[in-house]
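In the working numbering, the protein residues as written are 1 to 96.
We treat Cβ as the ideally placed atom computed from N, Cα and C, and that holds for glycine.
These numbers come from a predicted model, not from an experiment.
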Amino acid sequence: MISEMVETRDRIQNEFYEEFENMSQKFIGKPIDASVLYTLERYMEAVAQRISAENGVHIISGKVRANISGTVMVEEPEIEMADGSTRKLSEWFDGL
Numbered sequence: 001m002i003s004e005m006v007e008t009r010d011r012i013q014n015e016f017y018e019e020f021e022n023m024s025q026k027f028i029g030k031p032i033d034a035s036v037l038y039t040l041e042r043y044m045e046a047v048a049q050r051i052s053a054e055n056g057v058h059i060i061s062g063k064v065r066a067n068i069s070g071t072v073m074v075e076e077p078e079i080e081m082a083d084g085s086t087r088k089l090s091e092w093f094d095g096l
């Protein structure tokens, strides 16, 4: 049971960050402004919804941010637990 959950978590994390990396590559060398961050954030929300549907869990995308040098990053996604609480995806199994 736990090994299946670990596989699912790893697959979700890999797919989520791979999608972000692929999409953010399209903005390399371009000015990063609020519209770019908004676009990336909406895209990652759609990715989280798709991954949620594929895996039978509720994934919540993290915020998309840019640092002073224009590098974009996304916060770690969260997973909604059965009791309605949320945890960072990496903390999915804490306390189980």
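Can you confirm whether the region 22 to 34 touches the region 55 to 63 when touching is taken to mean that 3 or more C-beta pairs between the two stretches lie within less than 8 Å?
Taking a cut-off of 8 Å for Cβ pairs, the region 55 to 63 and the region 22 to 34 do not touch, as fewer than three such pairs fall below it.
What does the Cβ neighbour count give for V6, buried or exposed, with the cut at 16 atoms within 10 Å?
Here residue 6 refers to the residue found at position 6 when the sequence shown is read from its first residue. Around the beta-carbon of V6, fewer than 16 other beta-carbon atoms lie within 10 Å, marking it exposed.
Figure out for me which residue from R9, Y17, S90 has the closest Cα to the Cα of V47.
Position 47 of the sequence shown holds residue 47. The residue with the shortest Cα to Cα distance from V47 is Y17.
DSSP three-state label for T71, please.
Within the sequence shown, the letter at position 71 stands for residue 71. Coil.
Distance between beta carbons of G62 and E76, contact taken as under 8 Å
Here the question's residue 76 lines up with position 76 in the sequence shown. Here the question's residue 62 lines up with position 62 in the sequence shown. Contact holds; Cβ gap of about 5 Å.
Would you tell me roughly how many angstroms separate the C-alpha atoms of D10 and K88, rounded to the nearest one?
Position 10 of the sequence shown, counting from 1, holds the residue named residue 10. Position 88 of the sequence shown, counting from 1, holds the residue named residue 88. Cα to Cα, D10 sits roughly 13 Å from K88.
Measuring CA to CA, which of A82, P31, Y43 is closest to T71?
Your numbering for residue 71 matches position 71 in the sequence shown. Here the closest residue by C-alpha is P31.
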